[in-house]
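Before any comments, here is the structure.
Residue numbers (my numbering): 1079 to 1609.
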């Protein structure tokens, strides 16, 4: 291998565009970002978006993304960055957002003049200038229509990996068709943010990749083709506008002559399919089969590598971005760190140290006490409020403070295991849990996590994991051209820091408790429906 070779990853996220270059050893050699609000104030965004008057519609200007790319590439060039060293590049975009290319734009893309920046050369190429993005929640009617057309929410999840979600692209396209039929008819290609960004590098319409395509409510995740019933329920002529889908590790071609002439890229630089930010994070965290990544932040998110998925009404199944025969699952729990902080304040004098002492001094299984702590409306499951059960499954109004602390942490992690297993996740002998986010620095919280999943917990650094994941994916996609290398072969997993291992008796304690937790949860859900 040429030791001077570099790989580039781009991340078109909500608030900024990031770039990372890694060398052949996958060490970061360059990074930069363009903050949309600060660096491109002319677009008037807040947090990179425009929230409309109805507070439900949320969009971002397409030209802002173009100008950000111009800006970051110009900066790299000015800094003396040697683009000719780049052997391959890839990237990621915020999931679910959609870009509408006006008829005849392909011709413009194919012949971009190297003397013009992209935001000038492509300024008339979009039939809709403000792209709907993942924060939009204005498509409830379209979601209802899609689920009804296909035979219900579970049927839709079985086909596409998720029930209908307001942010998912199919429902956003349906709204565009309904409210802006003229703009819809003037559009010849609909891209995701990821495939839109890839198009800018290959100088042609880039196909949507399997993994990001799984977040649209349109792709059959088993057949890996568009589902005709879903397409027809959303808008007419949609199949032609979406184009083909490809594995996420595909090489789409080389960079266009525009980038060769304007920035000095090698004409042999490969462009690997761009994907969504969550799949890219799975790559950046270097997950392997059977692994779980748990991000313990404001909300808690679980990333899972799954072989045989069983889609459910909670959570999402996507085609795996680094091994397309497998799948990944995503589960989000809204009541994360804010709930932990609230119980810390109420039960342990606002001290994490005291909170940890309580976890250490209380027994695994909490003598049978189980709690559900939802300060805000939870999404997994859709319940709010605090619900406590004693060892006989009877509801009680309060727990002693030490019981409350352990009930919170055990409850949060039991829910994660139960919902993961409902999606088809299986804990394997080699399973490891990769923990990140604020609470991952608390060893006593991680001990509970380890005990409940009966697996060792490692901590990982995940700054810029989506962007870094795309630089890794570029290296992997290129390697696949000449060998059947797995992602793990190319991206040797670093020795993450092993923090805790499960206690020997933990599994015996938690197996029956997990069953009881699920029974109590059913009771909580049933009671909330009556109210």
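The beta-carbon is built from N, C-alpha and C at its ideal position, and this holds for glycine as well.
- Item | Whole runs of the alpha helix (DSSP H) within the segment 1345-1371, excluding any shorter than 4 residues | 1355-1362
- Query: Grouping DSSP H, G and I as helix and E and B as strand, with all else coil, what is residue 1265?
  - Reply: strand
- Item | Closest Cα partner of residue 1176 within the set 1262, 1193, 1167 and 1364 | 1262
- Pair within 8 Å by beta-carbon distance, residue 1348 and residue 1165: yes
- Item | Where residue 1132 falls, given that 16 or more other Cβ within 10 Å makes a residue buried | exposed
- Could you check what DSSP says for residue 1079 in three-state terms: helix, strand or coil? Confidence at residue 1079 is low in this model, with a pLDDT of 39, below 50, so the placement of that residue should be treated as unreliable; the coordinate-derived value is given next. Here residue 1079 sits in coil by DSSP.
- Item | Nearest neighbour of residue 1391, chosen from 1453, 1373, 1238 and 1435 [CA to CA] | 1238
- Query: With a cut-off of 8 Å, do at least 3 Cβ pairs link the segment 1199-1216 to the segment 1302-1311?
  - Reply: no
- Query: Mapping DSSP to helix, strand and coil, what is residue 1561?
  - Reply: coil
- Task: With a threshold of 16 other CB atoms inside 10 Å of the CB of residue 1220, please say whether the residue is buried or exposed.
- Result: buried
- Message: Residues in the same chain with beta-carbon distance under 8 Å from residue 1097, minus the five sequence neighbours each way, listed in chain order, please.
- Response: 1086, 1087, 1088, 1089, 1108, 1109, 1110, 1111, 1150, 1154 and 1545
- Exposure of residue 1389, with buried meaning 16 or more beta-carbon neighbours within 10 Å: buried
- Message: In the DSSP assignment, the beta strand (DSSP E) including residue 1378 goes from what residue to what residue?
- Response: 1378-1384
- Query: By how many angstroms is the C-alpha of residue 1196 removed from the C-alpha of residue 1496?
  - Reply: 48 Å
- Query: Does DSSP put residue 1285 in a helix, in a strand, or in coil?
  - Reply: coil
- Task: For residue 1603, count neighbouring Cβ atoms within 10 angstroms of its own Cβ and tell me buried if that reaches 16, exposed if not.
- Result: exposed
- Is DSSP giving residue 1203 helix, strand or coil here? coil
- Query: Between 1314, 1156, 1227 and 1243, which lies nearest to residue 1213 when the distance is taken from Cα to Cα?
  - Reply: 1243
- Task: Would you list the one or two residues that DSSP bridges to residue 1099?
- Result: 1086 and 1108
- Query: How big is the Cα-Cα spacing for residue 1377 and residue 1514?
  - Reply: 12 Å
- C-alpha distance - residue 1269 paired with residue 1473, whole-angstrom precision: 50 Å
- With distances taken between CB atoms, is the gap from residue 1508 to residue 1578 smaller than 8 Å? no
- Consult DSSP for residue 1554 and reduce its assignment to one of helix, strand or coil. helix
- Between residue 1294 and residue 1342, is the Cβ-Cβ spacing less than 8 Å? no
- Query: Which residues in the same chain have their Cβ closer than 6 Å to the Cβ of residue 1271, if we skip the five residues on either side of it in sequence?
  - Reply: 1090, 1171, 1172 and 1175
- Task: Could you tell me which uninterrupted beta strand (DSSP E) segments, each at least 3 residues in length, are contained entirely in the segment 1118-1154, listed from first to last along the chain?
- Result: 1136-1139
- Query: Quick one, which of 1382, 1486 and 1192 has its alpha-carbon nearest residue 1366's?
  - Reply: 1382
- Endpoints, alpha helix (DSSP H) assigned at residue 1247: 1247-1257
- Query: residue 1280: which of 1113, 1290, 1185 and 1310 sits nearest, CA to CA?
  - Reply: 1185
- Task: Check the C-beta distance from residue 1292 over to residue 1396 and give it rounded, since I have them as a contact under 8 Å.
- Result: 4 Å
- Using three-state DSSP, classify residue 1305 as helix, strand or coil. coil
- Message: Just verifying my parser: in three-state terms, what is the DSSP assignment at residue 1437?
- Response: helix
- From what residue to what residue does the beta strand (DSSP E) around residue 1210 run? 1208-1210
- Item | Same chain only: Cβ atoms within 7 Å of residue 1129, ignoring 5 sequence neighbours per side | 1136
- Task: Report the three-state DSSP secondary structure of residue 1373 (helix, strand or coil).
- Result: strand
- Item | Range covered by the beta strand (DSSP E) that runs through residue 1451 | 1448-1452
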